[in-house]
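Protein chains in written order, with our numbering: chain B, 1 to 546; chain L, 547 to 827.
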Amino acid sequence: MKKILYGLLFCAGSIFAQGIQNGQLNGNFQSNSQVYYEDADLGISTENLPSERFLTNSFANIIYSTSNFSAGMRYEANQNSLLGFDKRYNGEGITYRYAQFNKDGLDITVGNFYEQFGSGMILRAYEERNLGYDNAFEGIRLKYSPFKGIYLKSLVGKQRLYFDKAEGIVRGFDGEISLNETFEALSEAKTQILIGGSVVSKFQKDLDPIYILPENVASWAGRFNLYHGKWILGAEYVYKYNDPSATNNFIYKEGQALLANVSYSKKGFGFSLAGKRIDNMSSNSDRNLKGQEVSINYLPALTKQHAYTLATIYPYGTIANGEMGIQTELNYKVKKGSFIGGEYGMGILANFSNAYSIHKAQIDEDTALGESGTLGYTSDFFKLGEEKYFQEFSIELSRKVNRKLRLVGSYINTHYNSKVIVGYDYHGMIKANIVVLEAQYKLKPKHSIRTEIQHLSTEQHEGNWAMGLVEYTVSPHYFFAFQNLYNYGNETKKVHYPNISAGYTKGTTRFALGYGKQRQGIFCVGGVCREVPKSNGISLSITSSF
Amino acid sequence: MRNLKYLFAFIGAFAISLASCDVIEGPFTEEIVVGECVEKCKKILLEDYTGHKCGNCPLAAEKAVELKEIYGDQVVPVAVHAGFFARTEESHFTTDFTTDAGDDWDTHFGNSTAGNPNGMVNRAGYPESDHILQHSQWAQKVQQLLQAEPDAYIELEANYNASTHSVSISSETEILQSISAPLSLNIILTESGIIAYQTDYTAEPMDVPDYEHNHVMRKSLTGTWGTDLGQTNYTDGDLINKSFSANLEEAWIAENMSIVAFISNTNTYEIIQAEEIHITE
Chain B
1 MKKILYGLLF CAGSIFAQGI QNGQLNGNFQ SNSQVYYEDA DLGISTENLP SERFLTNSFA
61 NIIYSTSNFS AGMRYEANQN SLLGFDKRYN GEGITYRYAQ FNKDGLDITV GNFYEQFGSG
121 MILRAYEERN LGYDNAFEGI RLKYSPFKGI YLKSLVGKQR LYFDKAEGIV RGFDGEISLN
181 ETFEALSEAK TQILIGGSVV SKFQKDLDPI YILPENVASW AGRFNLYHGK WILGAEYVYK
241 YNDPSATNNF IYKEGQALLA NVSYSKKGFG FSLAGKRIDN MSSNSDRNLK GQEVSINYLP
301 ALTKQHAYTL ATIYPYGTIA NGEMGIQTEL NYKVKKGSFI GGEYGMGILA NFSNAYSIHK
361 AQIDEDTALG ESGTLGYTSD FFKLGEEKYF QEFSIELSRK VNRKLRLVGS YINTHYNSKV
421 IVGYDYHGMI KANIVVLEAQ YKLKPKHSIR TEIQHLSTEQ HEGNWAMGLV EYTVSPHYFF
481 AFQNLYNYGN ETKKVHYPNI SAGYTKGTTR FALGYGKQRQ GIFCVGGVCR EVPKSNGISL
541 SITSSF
Chain L
547 MRNLKYLFAF IGAFAISLAS CDVIEGPFTE EIVVGECVEK CKKILLEDYT GHKCGNCPLA
607 AEKAVELKEI YGDQVVPVAV HAGFFARTEE SHFTTDFTTD AGDDWDTHFG NSTAGNPNGM
667 VNRAGYPESD HILQHSQWAQ KVQQLLQAEP DAYIELEANY NASTHSVSIS SETEILQSIS
727 APLSLNIILT ESGIIAYQTD YTAEPMDVPD YEHNHVMRKS LTGTWGTDLG QTNYTDGDLI
787 NKSFSANLEE AWIAENMSIV AFISNTNTYE IIQAEEIHIT E
């Protein structure tokens with residue numbers, strides 16, 4: 001590893017030697033391991049267990065940086081990958097290495113890099129370790145600001161595909177202008193305006209003997225953000241030319257995406273409304289891959305990201321082939337001293353979101369909807385489809401009762417189209433009501449206890465769930481927790497999922513040890529999801545940084 | 547001036563990105579003209595790893611049918627039911643389409659863990675990860691492999707005995723090009739026209755009760771990895787004869803069944819030739 005780091009430093013050239021000498025070295029390390037056991041209640045027998053019994057995902061980042069230069073690398077060792085992560089992550093090696101330097105205002109990155117243009121609907125490379133998701137580019141990226149307020153980016157590269165790279169080459173350009181920075185006359189204006197545009201093109205050779213495939217597929221986007229006092233208004237539109245792929249069943253229709261949002265906030269009050277329309281917008285570095293592992297773009301889910309366990313049972317995953325939806329959020333702080341607000345005031349957070357199919361019509365009488373090797377379908381831009389994918393209303397009330405006690409109560413109502421979202425497990429439209437009560441109590445200085453009581457009721461899928469959690473924290477070093485999920489409404493088998501865990505933190509190093517059962521389900525972050533298998537075992541997590 | 551120089555470079559990048567687009571106006575497909583093969587043609591084994599609870603798998607099955615229509619006898623499809631989606635359930639999915647050999651292949655090549663549906667074309671590419679192909683990649687691999695001359699040719703003959711519901715099979719393998727590797731001959735039985743439940747995400751309802759399952763692997767007569775053809779060096783013109791027999795299960799309909807044979811390189815698992823005949827022909 002040292003040799004490679006020194007190699008990167010050497011490659012940067014003698015021009016930067018002066019700057020390199022006064023740099024900083026920092027890094028971080030994370031290791032998650034689990035031992036897996038049989039479990040008759042969960043139906044896990046010897047045959048279902050991983051042959052290794054013990055699995056571990058570990059990585060370390062090491063970065064050297066000076067004022068105008070940085071170089072770094074990440075070493076990963078997944079021997080072998082934890083259950084629920086793609087087995088193509090099994091292995092070890094340097095999966096990310098880069099050198100970046102800035103000369104005369106030109107910022108140059110060679111090697112691996114993450115990037116986002118606009119909202120990400122046209123291009124976004126990022127890492128979400130909990131999902132096992134990493135679509136980093138390997139190539140070259142340039143950033144430059146030729147004039148005040150004008151920011152340009154261009155890149156060319158291939159995306160990471162586990163321990164390999166995807167077949168396609170991605171080229172991209174993004175430009176953004178801040179009118180208030182660029183034009184002196186607007187520098188004092190109350191309204192701040194940002195305007196941006198992007199072009200992305202991918203190349204993949206056409207080797208298919210049946211389809212005449214576009215080897216170069218381009219997309220373009222335009223966006224603006226407007227800030228006026230307490231108001232923010234923004235929108236982005238993306239257009240993608242014909243991109244037949246395994247995801248859209250090899251249709252040649254164009255893709256379109258529109259995301260718009262408006263928000264207002266002042267002390268004690270905030271409001272936001274966002275809407276989106278996505279039509280045939282899956283964009284992969286490899287047209288033959290149906291998953292999201294080499295997505296060039298990111299399509300936001302526009303739903304609330306929940307943290308409470310039972311509220312994460314039915315998470316929404318973006319439907320790239322077509323969806324329309326809105327999300328609105330309201331937060332309000334009831335003044336302290338009022339009847340409702342009490343001595344410390346009360347927070348109210350309400351959220352509503354939904355997603356529907358888009359309108360689709362046959363291109364002609366003889367062609368089935370979405371038939372491969374055709375234009376697929378036509379779609380009225382402003383017309384909703386007939387199928388509801390998702391709907392959720394949630395309200396959260398939080399109130400500090402006294403100096404020691406704080407209470408949070410939540411109610412969530414979810415409509416979840418399992419046929420469309422989950423796909424493999426057909427339970428129709430699942431309608432669930434979730435209630436959560438959380439209490440945090442300070443026993444004495446540095447000692448606090450936190451409890452959660454949760455309940456999910458539904459007549460579909462696995463029926464009702466109840467959950468309880470007790471967590472005791474001794475700041476800043478220790479925590480102990482016990483929780484149990486009980487699927488008491490399951491007609492097939494009523495199963496308990498107990499978990500006990502403890503952690504120790506010293507400085508920037510943290511150890512956490514746990515034992516218990518994990519329910520099978522879907523885990524999503526921002527609309528990107530992975531399956532989590534059921535398991536029983538001991539887990540150990542270590543994180544550290546320097 | 548320096549600013550302008552960089553600015554022009556970025557504008558150049560913008561122009562290149564924008565210009566890099568191929569818009570296909572139609573037609574979107576082209577007709578494949580398959581040269582007529584009269585004698586001792588190369589024949590490709592297409593393994594479709596599937597499961598009756600796999601909702602995306604009917605699309606792969608359709609692709610196998612499409613390729614069979616295009617390439618005729620030169621493509622031999624086999625549907626291998628294995629993995630999570632092939633498990634039986636008490637409700638609808640009661641038919642057990644799995645086989646011991648199919649399960650072993652699935653475990654060895656990693657198909658179902660890579661996510662159904664997928665398949666292998668002559669098992670080419672193993673042990674690199676690119677031996678597992680999405681159904682959208684099958685056509686290009688078939689086309690590519692058919693460009694080569696056959697290394698061997700298999701002739702099959704079947705005798706079906708209706709009274710005992712059994713079949714005897716004789717095979718003759720002819721080596722057409724010298725090969726320096728051990729070879730294995732695999733004989734399996736397949737059945738088409740089986741009506742049973744299949745999940746299909748494009749159908750409404752998704753669990754289709756009367757789905758027609760075709761080319762379903764029913765049994766291997768040569769274990770998981772076939773029977774050794776006896777040598778490690780073969781020369782052009784070598785002939786190897788083998789015979790086999792099998793009792794068919796009561797539910798199997800002989801008229802819908804085929805015998806599929808294929809020769810694989812024992813060391814690399816790559817298949818060099820396949821053949822298919824109907825049991826009752």
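Here a beta-carbon is modelled for each residue, glycine too, at the ideal position from N, C-alpha and C.
Proximal residues of chain L, C-beta to C-beta of residue i below 7 Å
| i | result |
| --- | --- |
| E215(B) | D568 |
| Y241(B) | C567 and V569 |
| K419(B) | M752 |
C-beta atoms of residue i and residue j nearer than 7 Å
| i | j | result |
| --- | --- | --- |
| S724(L) | D782(L) | yes |
| G537(B) | Y89(B) | no |
| T451(B) | V474(B) | no |
| A235(B) | A260(B) | yes |
| Y64(B) | G23(B) | yes |
| H228(B) | T191(B) | yes |
| Q30(B) | L55(B) | no |
| M73(B) | R97(B) | yes |
| V667(L) | W651(L) | no |
| L722(L) | G772(L) | no |
| I799(L) | I823(L) | no |
| F203(B) | I169(B) | yes |
| N549(B) | G516(B) | Residue 549(B) lies beyond the range of chain B shown here (1 to 546); nothing can be said about it. |
| A670(L) | E577(L) | no |
| P209(B) | N242(B) | no |
| D746(L) | G665(L) | no |
| A647(L) | S726(L) | no |
| S219(B) | K253(B) | no |
Span of the beta strand (DSSP E) around residue i
| i | result |
| --- | --- |
| W684(L) | No beta strand (DSSP E) contains W684(L), which is instead part of the alpha helix (DSSP H) from H681 to L691. |
| S545(B) | S535 to S545 |
| I733(L) | L729 to E737 |
| D646(L) | Here D646(L) belongs to no beta strand (DSSP E); instead the alpha helix (DSSP H) covers D646 to F655. |
| L456(B) | H447 to T458 |
| N351(B) | M346 to I358 |
| N112(B) | L106 to F113 |
Contact list for residue i against chain B, beta-carbon separation under 9 Å
| i | result |
| --- | --- |
| I578(L) | P209 and I210 |
| T653(L) | Correct list: empty, because the minimum Cβ distance to chain B is about 11 Å. |
| F556(L) | L142, Y144, P146, L152, K153, S154, F173 and G175 |
Beta bridge counterpart(s) of residue i as assigned by DSSP
| i | result |
| --- | --- |
| S714(L) | N705(L) and S791(L) |
| N216(B) | F203(B) |
| R277(B) | L258(B) and M324(B) |
| D364(B) | According to DSSP, which records beta bridges pairwise, D364(B) is partnered with nothing at all. |
| N225(B) | L194(B) and G234(B) |
| L469(B) | E452(B) and Q483(B) |
Partner residues on chain B for residue i, Cβ-Cβ distance less than 7 Å
| i | result |
| --- | --- |
| A685(L) | D208, P209 and I210 |
| S682(L) | A246, F250 and N288 |
| F639(L) | None at all; the shortest Cβ gap to chain B is about 12 Å. |
| F574(L) | Y211, I212, Y252, G373 and T374 |
| Q689(L) | P209 |
| T513(L) | The requested residue 513(L) does not occur in the structure, where chain L is confined to residues 547 to 827. |
Segment limits, alpha helix (DSSP H) that includes residue i
| i | result |
| --- | --- |
| Y617(L) | C603 to Y617 |
| V419(B) | Before going on, a small fix: residue 419(B) reads as Lys here, not Val. It spans S418 to I421 - the alpha helix (DSSP H) in which K419(B) sits, taken as one unbroken run. |
| T778(L) | First-last for T778(L): undefined, no H or E at that position. |
| N180(B) | L179 to T182 |
Assumed close pair residue i, residue j - CB separation to whole angstroms, cut-off 8 Å
| i | j | result |
| --- | --- | --- |
| A466(B) | H455(B) | 5 Å |
| F479(B) | G503(B) | 5 Å |
| Y617(L) | V713(L) | No, Y617(L) and V713(L) are not in contact; Cβ-Cβ is about 26 Å, not under 8 Å. |
| R530(B) | L131(B) | 5 Å |
Residue i: contacting residues in chain L (beta-carbon distance under 8 Å)
| i | result |
| --- | --- |
| A125(B) | The contacting residues do not exist; A125(B) stays about 16 Å from chain L at best. |
Cβ of residue i within 7 Å of any chain A Cβ
| i | result |
| --- | --- |
| F643(L) | In summary, chain A is missing from the structure at hand, where the protein chains are B and L. |
Per-residue contacts from residue i into chain B (C-beta, under 8 Å)
| i | result |
| --- | --- |
| Q744(L) | Those within 8 Å of Q744(L) in chain B number zero; the least Cβ separation is about 13 Å. |
| T659(L) | K87 |
Residues that residue i contacts on chain L, provided the C-beta gap is smaller than 9 Å
| i | result |
| --- | --- |
| F203(B) | S566 |
| A439(B) | Chain L residues near A439(B): none, gap ~41 Å exceeds 9 Å. |
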